[in-house]
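Counted the way my numbering counts, the sequence shown spans residues 169 to 493.
Virtual Cβ for every residue (Gly too), placed ideally from N, Cα, C.
Keep in mind that this is a model prediction, so the values were computed, not measured.
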Amino acid sequence: MIGIGVDIGGTFVKFFVMNEKREILEQVKVETDYAKGANGFIAQIADFINKAKQKYAPKQVVVAVGAPGDVDNEQGVLRYNPNLKFQQVDNWPMAQQIHDLTGILPVLGNDATLAAWGVYEAALQRQGTNILVVTLGTGVGGGLILNKDLYQGSSGTAGEIGHIKIADTQTGPVCGCGAHGCLEAFVGTIGIKRRVLESIKKQPDSVLAKCVHAQKDFKIAVVSQAAGQGCPEALKIWQDTGRYLGIGISNAVLLLNLDTVVLTGGVSGAAPYFMPALTHVLHEQQFKTPFERLKVMVSKDPNMGGIGAALYAIHCARKDRQPCA
Ligand SMILES: [Zn+2]
Numbered sequence: 169m170i171g172i173g174v175d176i177g178g179t180f181v182k183f184f185v186m187n188e189k190r191e192i193l194e195q196v197k198v199e200t201d202y203a204k205g206a207n208g209f210i211a212q213i214a215d216f217i218n219k220a221k222q223k224y225a226p227k228q229v230v231v232a233v234g235a236p237g238d239v240d241n242e243q244g245v246l247r248y249n250p251n252l253k254f255q256q257v258d259n260w261p262m263a264q265q266i267h268d269l270t271g272i273l274p275v276l277g278n279d280a281t282l283a284a285w286g287v288y289e290a291a292l293q294r295q296g297t298n299i300l301v302v303t304l305g306t307g308v309g310g311g312l313i314l315n316k317d318l319y320q321g322s323s324g325t326a327g328e329i330g331h332i333k334i335a336d337t338q339t340g341p342v343c344g345c346g347a348h349g350c351l352e353a354f355v356g357t358i359g360i361k362r363r364v365l366e367s368i369k370k371q372p373d374s375v376l377a378k379c380v381h382a383q384k385d386f387k388i389a390v391v392s393q394a395a396g397q398g399c400p401e402a403l404k405i406w407q408d409t410g411r412y413l414g415i416g417i418s419n420a421v422l423l424l425n426l427d428t429v430v431l432t433g434g435v436s437g438a439a440p441y442f443m444p445a446l447t448h449v450l451h452e453q454q455f456k457t458p459f460e461r462l463k464v465m466v467s468k469d470p471n472m473g474g475i476g477a478a479l480y481a482i483h484c485a486r487k488d489r490q491p492c493a
């Protein structure tokens, strides 16, 4: 059996072709093509699938598609997405459209959710039973493996750890979702940037301020660059980030008694700076049992979305539940 994973992003679409031994047979990255509209975009995905179908015949080809935003995994519909710039694509029946053009009904899932499956199968080699994967970037997403299977919740939105509240919902900072006090408003790149700008205002002569001013566009790596030079303001930014993340993660651990938490995404590259503060929050919990066996890890592979989708397609087909809901 061959699994094709399609990881749809606002800028790029990644295709991964994998076999049942979890080997990558092909990987292709193309720019998200907006020129031909939503239908043209689906045709581009279908074209890749059809070519792979021919190439790997007579083997069975199964497909899963990870899409950003609010996904109805049971109906195969992308209900809403803020990142894809197609017009009028709310309630987009992606799975059915791909089926019409390829004859294969794909599994549709949220991109962070399928990336969590990739971490579980490829990075953890199925070690662990109850796992939270947190994707740290502009947005903060998440996916859950519970009892060794992907948990997508009652309507496909489980794992939205970025929008759990860790501050007052009236006075806390505003999140990309429009609410106040979300974890993402503190540890997403926009939240980190906000705290960097506040710090620069207070300490205009800091190494952090100089590093930021030397850049054309703000990149989060600059905070690590300044922290690497021992800048106390930059170290504080990462320390606070670790504390906020620790609060969010400890809430999830208390709720679900997880055994493993894996951090992934661009911001996880700064783990050496923020991890001590994060683990401190976990260690200072008064109810200790849920934290005793907890492992917190970092996975730096940026392809977990596509790999996870390909492997999840195979997983679903093996369990004979297409589409995997
Ligand atoms: Zn939010």
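Spatial neighbours of P400 within its chain, please: C-beta separation below 8 Å, excluding the five flanking residues on both sides. Taken in chain order, the residues that qualify are S374.
Check each candidate in R190, D240, K182 and E188 and name the one with the smallest Cα separation from Q212. Looking at the Cα atoms, K182 is the closest of the given residues.
Can you tell me whether DSSP reads A439 as helix, strand or coil? It is helical.
Compute the distance between the beta-carbons of G208 and G476, then report whether it is under 8 Å. No, they are not a contact pair.
Residues of its chain near G349, where Cβ-Cβ distance is below 6 Å and the 5 sequence neighbours each way are ignored: Cβ neighbours of G349 within its own chain (closer than 6 Å, five residues either side excluded): K333, A335, D336, T337 and G340.
Measuring only from the beta carbon, is A377 closer than 7 Å to any heavy atom that is part of ligand 1? For ligand 1, not one heavy atom lies less than 7 Å from the Cβ of A377.
Near N251, which residues of its chain fall below 6 Å by C-beta distance, leaving aside the five closest residues on each side in sequence? For N251, where only same-chain residues beyond five positions count, the Cβ hits under 6 Å are G178 and P236.
Report yes or no: do the region 316-333 and the region 442-462 share at least 3 C-beta pairs separated by less than 8 Å? The region 316-333 is not in contact with the region 442-462.
Whole-angstrom Cβ separation of V380 and L300, contact assumed at under 8 Å? Between L300 and V380 the Cβ distance is about 32 Å, and since that is not below 8 Å, they are no contact.
Which residue comes first and which comes last in the beta strand (DSSP E) that contains D175? Where D175 is concerned, the enclosing beta strand (DSSP E) stretches over I170 to I176.
Does ligand 1 have a heavy atom nearer than 7 Å to the CB of A347? Answer for A347: yes, Cβ within range of ligand 1.
Residue range of the alpha helix (DSSP H) that N187 falls in? Per DSSP, N187 is not a residue of any alpha helix (DSSP H); the beta strand (DSSP E) it occupies stretches across F180 to N187.
Ligand 1 heavy atoms versus the CB of H331: any closer than 7 Å? Yes, the beta carbon of H331 sits closer than 7 Å to at least one heavy atom of ligand 1.
How would you write the range of the beta strand (DSSP E) that V239 sits in, first residue to last? Note, V239: beta strand (DSSP E), D238 to D240.
Can you tell me whether D268 is buried or exposed, with buried defined as 16 or more other CB within 10 angstroms of its CB? So D268 counts as exposed.
Of the residues G410, G473 and D427, which one's Cα is nearest the Cα of T281? Among G410, G473 and D427, the Cα nearest to that of T281 belongs to G473.
Expected contact under 8 Å - CB spacing of G433 and G305 to nearest Å: Between G305 and G433 the Cβ distance is about 4 Å, and since that is below 8 Å, they are a contact.
If you draw a straight line from the C-alpha of F180 to the C-alpha of V174, how long is it? In this structure, the straight-line span from the alpha carbon of F180 to that of V174 is close to 11 Å.
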